[in-house]
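Engineer:
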Amino acid sequence: MSATPKKSLMLFAGRSHPELAEEVAKHLDVTITPQAAYDFANGEIFVRFEESVRGCDAFVIQSHAAPINQWVMEQLIMVDALKRASAKRITVIMPFYPYARQDKKHRGREPISARLIADLFKTAGADRIMTVDLHTAQISGFFDGPVDHLLAMSLLANHVRAKYTDVDLTVVSPDSGRTKLAEKWADTLGGCPIAFIHKTRDPLKPNQVVANRVVGEVKGRTCVVIDDMVDTGGTIAKAVEQLLAEGAADVIIAATHGVLSGPATERLSNCGAKEVIFTNTLPIPDERRFPGMTVLSIAPLLAKAIHQVFDDGSVTSLFDGEA
């Protein structure tokens, strides 16, 4: 007896960011697989899928916003349920990789929590991980399997290029560690100059930064400050203030992940930036938005990458071979 195996794409979504999941489903022209998901009184999470998943190519999307541990656990439980229900391949889609800042040991007796996250999903049954703009590229090596590292730079840069066509731009890295990314941004924007902010950070005091001086030509120019994430907004707000003090004409903030914890919204809206641009890898509710904020959708990029993975195509081709 012989049979030709059929490929079946099924999309599954956690409860943290349903708007993004629905948008991805629309671009893929599929429906999100129905599920029963709820919390017990003591906080335990239960998930059961209401359709057969046997032999499917499963894509499980979850945005790890606050409360981050709840949504990580929910996605792990979803992966476990799919593995036990005989899904053929399970791809975990985490637009924002949780615990990405804990990717190495700065001192003794510290964890490498980004590696722990990869181990947890591998143990749960994930075959592949898809994520957007990792804090450091080395994290892709923590997972024992394929990792599709998608880049939001073209989405953000194209918005800046289209909106600010008649001004002199300078791409600014908020620290010396992101100058390579700044160079790629500069090439995308037509060869504009780059600068970076020399700063110091106390490792014992997270989210507190002292900006020292600007290295590069910014006077009279519109500066585009780039970063992978904005959490409390302290780093980026100080960078904007420093640039304006150095004579920048305007400052634009462009970052992939809008974590926006605590005082972030107030800091960003009052720091003097002309525009603050994020993608919707994480949900940004109305109360955290302000008139100068622009949120671009990452859903088309995720959908294209899912389509390439399902068709055994090339994800790298989506980024001109640079991913």
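According to the numbering used here, numbering within the sequence shown proceeds without interruption in unit steps and concludes at 331. All C-beta atoms, glycine included, are put in the ideal place defined by N, C-alpha and C. Quick caveat: nothing in here was measured; it's all calculated off a predicted structure.
Are residue 65 and residue 102 close, meaning C-beta to C-beta below 8 Å?
Structural biologist: Against a cut-off of 8 Å, the Cβ pair of residue 102 and residue 65 comes out as no contact.
Engineer: Could you name the residues of the same chain whose beta carbon sits closer than 7 Å to that of residue 322, not counting the 5 residues immediately before and after it, in chain order?
Structural biologist: So the list reads 316, once near-sequence residues are dropped.
Engineer: What is the rounded straight-line gap between the Cα of residue 313 and the Cα of residue 118?
Structural biologist: Roughly 35 Å separates the two Cα atoms.
Engineer: Looking at the structure shown, is residue 339 part of a helix, part of a strand, or coil, going by DSSP?
Structural biologist: The requested residue 339 is not part of the displayed model; the chain covers only 9 to 331.
Engineer: Apply the 10 Å Cβ neighbour rule to residue 235 and answer buried if 16 or more other Cβ atoms are within range, or exposed otherwise.
Structural biologist: Flag for residue 235 reads buried.
Engineer: Which residues in the same chain have their Cβ closer than 8 Å to the Cβ of residue 189, if we skip the five residues on either side of it in sequence?
Structural biologist: Within the same chain, residue 189 has close Cβ partners 161, 181, 234.
Engineer: Do residue 251 and residue 226 come within 8 Å of each other at the CB atom, strictly closer than that value?
Structural biologist: The answer is yes: Cβ separation under 8 Å.
Engineer: Less than 8 Å between the beta carbons of residue 269 and residue 240, yes or no?
Structural biologist: Yes, they are a contact pair.
Engineer: Do the CB positions of residue 30 and residue 42 come within less than 8 Å of each other?
Structural biologist: For residue 30 and residue 42, no; Cβs fall outside 8 Å.
Engineer: Between which two residues does the beta strand (DSSP E) holding residue 121 run?
Structural biologist: That residue, residue 121, is in no beta strand (DSSP E); its alpha helix (DSSP H) goes 121-132.
Engineer: In the DSSP output, what is residue 338 paired with across the bridge?
Structural biologist: Lying before the first or after the last residue shown, residue 338 is absent from the chain, which here runs from 9 to 331.
Engineer: Are the stretch 145-157 and the stretch 255-269 touching, with three or more C-beta to C-beta distances below 8 Å?
Structural biologist: No contact exists between the stretch 145-157 and the stretch 255-269.
Engineer: Between the alpha carbons of residue 284 and residue 60, how many angstroms are there, rounded?
Structural biologist: C-alpha separation (whole angstroms): 43 Å.
Engineer: Take residue 296 as the anchor and find which of 238, 248, 56, 70 has the nearest alpha-carbon.
Structural biologist: Answer by Cα proximity: 238.
Engineer: Would you identify the three-state DSSP class for residue 25, choosing helix, strand or coil?
Structural biologist: Correct three-state label for residue 25: coil.
Engineer: Taking a contact to mean a Cβ-Cβ separation below 8 Å, would you say residue 71 touches residue 104 in this structure?
Structural biologist: Yes, they are a contact pair.
Engineer: Starting from residue 43, trace the beta strand (DSSP E) both ways and give me its first and last residue.
Structural biologist: Counting along the chain, the beta strand (DSSP E) containing residue 43 begins and ends at 43-47.
Engineer: Taking the alpha-carbon of residue 173 as reference, which of 133, 229, 56, 107 has the nearest alpha-carbon?
Structural biologist: The shortest Cα separation from residue 173 among 133, 229, 56, 107 belongs to 229.
Engineer: With DSSP as the reference, please indicate the residues paired to residue 156 in a beta bridge.
Structural biologist: Answer is 138, bridged to residue 156.
Engineer: Among residues of its own chain, excluding the 5 on either side of residue 63, which ones have a beta-carbon nearer than 6 Å to its beta-carbon?
Structural biologist: Correct list, in chain order: 96.
Engineer: Counting C-beta neighbours from all protein chains within 10 Å, is the total for residue 13 16 or more, i.e. buried, or is it exposed?
Structural biologist: When all chains shown are included, residue 13 counts as exposed.
Engineer: Using the three-state DSSP reduction, which class does residue 261 fall into: helix, strand or coil?
Structural biologist: In this structure, residue 261 counts as strand in the three-state DSSP scheme.
Engineer: Compute the Euclidean distance between the alpha carbons of residue 38 and residue 26, then round it to the nearest angstrom.
Structural biologist: The alpha-carbon atoms of residue 38 and residue 26 are separated by roughly 15 Å.
Engineer: Do you know offhand how far residue 137's Cα is from residue 308's?
Structural biologist: Their backbone Cα atoms lie some 18 Å apart in a straight line.
Engineer: By the three-class DSSP mapping on this structure, what secondary structure does residue 183 have?
Structural biologist: Here residue 183 sits in coil by DSSP.
Engineer: To the nearest angstrom, how far is the alpha carbon of residue 219 from that of residue 186?
Structural biologist: Residue confidence is low: residue 219 scores 49 on pLDDT, short of 50, so the model does not pin down where it sits. Its coordinate-derived value is still stated next. Near 15 Å, if we compare the C-alpha coordinates of residue 186 and residue 219.
Engineer: Measure the Cβ-Cβ separation of residue 202 and residue 175 and say whether it is below 8 Å.
Structural biologist: Taking 8 Å as the Cβ cut-off, residue 202 and residue 175 do not qualify as a contacting pair.
Engineer: Can you round the beta-carbon distance between residue 130 and residue 120 to whole angstroms, since I take them to be within the 8 Å contact cut?
Structural biologist: Not really, about 15 Å apart at Cβ, beyond 8 Å.
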